[in-house]
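Peer 1:
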Amino acid sequence: MLFQKTKKKLLMIATGGTIASKQTESGLAPAMTSEELLECVPEIAEFCSVETVQPFNLDSTDVYCPHWLKIAALIEENYRSYDGFVVTHGTDTMAYTAAALSYLVERSRKPVVLTGSQKSAYLRDTDARRNLYDAFRFCADDGAYGVRIVFDGNVILGTRARKTRTRSYNAFSSVDFPEVAVMRDGAPFYYLRGDKPHGSPAFLHVLNERVFVLKLTPGLDAGIFDYLEDKVDGLILETFGSGGLPAYREDACFLAVRRLAEAGKLVVITTQVEREGSALGAYAVGRRLLSCENVIEARCMTLEAAYVKLMAALADGRRGKAAEKYFRTPVEYDIF
Ligand code: ASP
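The sequence shown begins at 1 in this note's numbering and counts up one residue at a time.
Right under this line is the structure:
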């Protein structure tokens with residue numbers, strides 16, 4: 001008997017980015033419709049059926065919290081009707097959106113795949129066609145689930161991705177974690193399969209935007225922490241090396257950070273070093289932070305994941321120990 005596998009039904013959520021851009025008088029800007037984009041890769045229709053929706057068409061520089069919530073809402077509304085979701089997106093903030101979707105659509109047994117390109121789909125030497133094809137191919141694979149970025153043949157967890165190149169086709173890296181798969185001859189070759197979740201995902205509907213990231217620079221004036229006090233509920237500090245916070249000027253920075261934490265702000269310590277995370281206990285300039293209440297170490301989390309996770313931890317009025325617990329609980333290998 002001949003079995004014909006039914007084609008997967010996928011929803012493409014087109015949001016803009018270089019992939020959908022055309023040259024305008026003021027520079028490259030998203031201009032293609034989702035249908036036009038799909039028409040660039042007619043082969044996709046051979047293995048899946050695709051419907052499209054275009055909630056906005058933006059350079060991802062302009063994509064932030066309300067857009068993440070919009071994409072997540074579209075996924076939730078359509079979750080039962082499709083086998084998976086492909087989100088086309090600008091590369092500049094794709095890692096933030098991928099991290100956001102990892103917390104907004106948690107434990108999804110269906111794949112949510114983000115892709116984009118370094119060159120417009122219109123250009124002769126574009127990477128758009130390959131990335132789009134691979135993204136749909138991966139999304140249609142039986143082993144795929146959860147939030148992933150598919151780019152330049154690599155499949156990266158939404159919680160571990162970062163844009164590390166502005167021009168080259170291998171624009172994204174999986175930071176401190178292996179790629180979960182690579183695309184070989186149009187099919188995923190898995191390095192890590194993980195356990196596919198069962199049941200419905202946990203959809204989150206709110207994020208707290210009162211989160212700020214501060215990168216330390218040598219000689220930073222501690223006055224900035226006092227300035228931030230009534231403006232944020234959560235602060236991410238990109239410290240030096242393993243987690244160093246300056247002790248100069250009578251320990252003004254440490255005292256100001258401790259004041260913020262005592263005032264109920266959740267302070268997350270990350271490092272500005274690209275890989276291998278923080279180790280706050282190692283140096284005297286970091287260790288004293290470990291004894292402060294409301295101060296958490298992000299260890300090897302990416303900044304993108306830490307930023308959105310802090311927004312999620314502080315959502316719905318959650319504060320203190322409950323927010324800290326949310327932040328420390330691993331989601332898709334984001335913290336360990
Ligand atoms: N500026 C573009 C964007 O992020 C860059 C890209 O898509 O590659 O929307």
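Glycine included, each C-beta is placed from N, C-alpha and C at the ideal position. It should be emphasised that the depicted structure is a prediction, and the values quoted were computed from it without experimental measurement.
Quick one: Cα of T18 to Cα of T6, how far?
Peer 2: One-based indexing of the sequence shown puts residue 18 at position 18. One-based indexing of the sequence shown puts residue 6 at position 6. Straight-line Cα distance between these residues: approximately 33 Å.
Peer 1: Alpha carbon to alpha carbon, what distance is there between L214 and A202?
Peer 2: Here residue 202 is taken as the residue at index 202 of the sequence shown, counted from 1. Here residue 214 is taken as the residue at index 214 of the sequence shown, counted from 1. Going from the Cα of A202 to the Cα of L214 covers about 30 Å.
Peer 1: Are the region 151-170 and the region 302-317 in contact at 8 Å, needing three or more beta carbon pairs?
Peer 2: Yes: the two stretches touch, three or more of their Cβ pairs being nearer than 8 Å.
Peer 1: Taking 8 Å as the line, does the beta carbon of M94 fall inside it for any heavy atom of ligand 1?
Peer 2: As a position in the sequence shown, residue 94 is number 94, starting the count at 1. Checking the Cβ of M94 against ligand 1 gives yes.
Peer 1: How long is the line joining the alpha carbons of A121 and H67, rounded to whole angstroms?
Peer 2: Sequence index remark: in the sequence shown, residue 121 carries index 121 (1-based). Sequence index remark: in the sequence shown, residue 67 carries index 67 (1-based). Their backbone Cα atoms lie some 23 Å apart in a straight line.
Peer 1: What's the C-alpha gap between V331 and S102?
Peer 2: Mapped onto the sequence shown, residue 331 falls at position 331. Mapped onto the sequence shown, residue 102 falls at position 102. If you take the alpha carbons of V331 and S102, they lie about 8 Å apart.
Peer 1: Taking the alpha carbon of E293 as the point to measure from, which residue in T97, G153, R319 and S49 has its own alpha carbon closest?
Peer 2: For the purposes of this step, residue 293 is taken as the residue at position 293 of the sequence shown. That would be R319, whose Cα lies nearest to the Cα of E293.
Peer 1: Which of the three DSSP states is assigned to Y122 in this structure?
Peer 2: Mapped onto the sequence shown, residue 122 falls at position 122. Coil at Y122, not helix or strand.
Peer 1: Compute every distance between the C-beta of D44 and the non-hydrogen atoms of ligand 1, then say whether any falls below 8 Å.
Peer 2: Residue numbering aside, residue 44 sits at position 44 when the sequence shown is read from its first letter. Note on residue identity: the sequence assigns Ile, not Asp, to residue 44. For ligand 1, not one heavy atom lies less than 8 Å from the Cβ of I44.
Peer 1: Kindly examine ligand 1 and report whether one of its heavy atoms sits closer than 8 Å to the Cβ of P218.
Peer 2: The sequence position of residue 218 within the sequence shown is 218, counting from 1. Not so, every heavy atom of ligand 1 lies at least 8 Å from the Cβ.
Peer 1: For the alpha helix (DSSP H) that Y190 lies in, which residues bound it at each end?
Peer 2: Against the sequence shown, residue 190 aligns to sequence position 190. Premise fails: Y190 lies in the beta strand (DSSP E), A187 to Y190, not in any alpha helix (DSSP H).
Peer 1: Between the region 220-227 and the region 238-253, can you find at least three pairs of beta-carbon atoms closer than 8 Å?
Peer 2: Touching, per the Cβ criterion.
Peer 1: Could you work out which residue in L310, Y133 and V180 is closest to F212 when comparing CA atoms only?
Peer 2: Position 212 of the sequence shown, counted from the first residue, corresponds to residue 212. F212 has its Cα closest to that of L310, out of L310, Y133 and V180.
Peer 1: Measure the C-alpha to C-alpha separation of V86 and N154 and round it to an integer number of angstroms.
Peer 2: If you number the sequence shown from 1, residue 86 lands on position 86. If you number the sequence shown from 1, residue 154 lands on position 154. Near 15 Å, if we compare the C-alpha coordinates of N154 and V86.
Peer 1: Suppose only complete runs of 3+ residues qualify. What are the beta strand (DSSP E) ranges in the region 242-327, listed by chain order?
Peer 2: As far as the region 242-327 is concerned, its whole beta strand (DSSP E) runs of at least 3 residues are 266-271 and 295-297.
Peer 1: Measure the alpha-carbon distance for T329 versus P42 and round it to whole angstroms.
Peer 2: On the sequence shown, residue 329 is found 329 positions in, with the first residue counted as 1. On the sequence shown, residue 42 is found 42 positions in, with the first residue counted as 1. Between T329 and P42, the C-alpha separation is close to 42 Å.
Peer 1: Taking 8 Å as the cut-off, is the beta-carbon of L58 closer than that to any non-hydrogen atom of ligand 1?
Peer 2: Along the sequence shown, one-based indexing puts residue 58 at 58. Within the cutoff, so yes.
Peer 1: Go ahead and pull the three-state DSSP assignment for T18.
Peer 2: Taking the first residue of the sequence shown as position 1, residue 18 is located at position 18. It is helical.
Peer 1: Quick one: grab the DSSP three-state call for L220.
Peer 2: As a working note, residue 220 is residue 220 in the sequence shown. Correct three-state label for L220: coil.
Peer 1: Just checking my contact of L204 with E106 at CB under 8 Å: how many whole Å lie between their CB atoms?
Peer 2: Translated into the one-based positions of the sequence shown, residue 204 becomes position 204. Translated into the one-based positions of the sequence shown, residue 106 becomes position 106. Contact flag correct, Cβ pair sits at about 7 Å.
Peer 1: What three-state label does DSSP hand I44 in the structure shown?
Peer 2: Within the sequence shown, numbered from 1, the residue matching residue 44 stands at position 44. I44 falls in the helix class under three-state DSSP.
Peer 1: Report back the beta-carbon spacing between S291 and T271 to the nearest angstrom; my notes put them in contact at under 8 Å.
Peer 2: As a position in the sequence shown, residue 291 is number 291, starting the count at 1. As a position in the sequence shown, residue 271 is number 271, starting the count at 1. Actually they are not in contact, since the Cβ atoms of S291 and T271 sit about 19 Å apart, beyond 8 Å.
Peer 1: Would you tell me roughly how many angstroms separate the C-alpha atoms of L104 and Q118, rounded to the nearest one?
Peer 2: For the purposes of this step, residue 104 is identified with residue 104 of the sequence shown, where counting begins at 1. For the purposes of this step, residue 118 is identified with residue 118 of the sequence shown, where counting begins at 1. So the two alpha carbons sit approximately 26 Å from each other.
Peer 1: Among G146, A72 and R184, whose alpha-carbon lies nearest the alpha-carbon of P55?
Peer 2: Here the question's residue 55 lines up with position 55 in the sequence shown. Closest option to P55, Cα to Cα, is A72.
Peer 1: Restricting to Cα atoms, I'd like to know which of T217, D176 and N208 is closest to G244.
Peer 2: Along the sequence shown, one-based indexing puts residue 244 at 244. The option with the nearest alpha carbon to G244 is T217.
Peer 1: Measuring alpha carbon to alpha carbon, tell me which of S108, E324 and A279 ends up nearest A144.
Peer 2: Taking the sequence shown and counting its residues from 1, the one referred to as residue 144 is at position 144. That would be S108, whose Cα lies nearest to the Cα of A144.
Peer 1: Quick check: the Cα distance between R80 and C139, rounded to an integer number of angstroms?
Peer 2: On the sequence shown, residue 80 is found 80 positions in, with the first residue counted as 1. On the sequence shown, residue 139 is found 139 positions in, with the first residue counted as 1. So the two alpha carbons sit approximately 15 Å from each other.
Peer 1: What do you get for E297, buried or exposed, if any count of 16 or more other CB atoms within 10 angstroms of its CB means buried?
Peer 2: Against the sequence shown, residue 297 aligns to sequence position 297. E297 should be labelled buried.
Peer 1: On the CB-based measure, 16 or more other CB atoms within 10 Å of its CB, does G186 come out buried or exposed?
Peer 2: Locating residue 186 in the sequence shown gives position 186, where the first residue counts as 1. With fewer than 16 Cβ atoms within 10 Å of its Cβ, G186 is classed as exposed.
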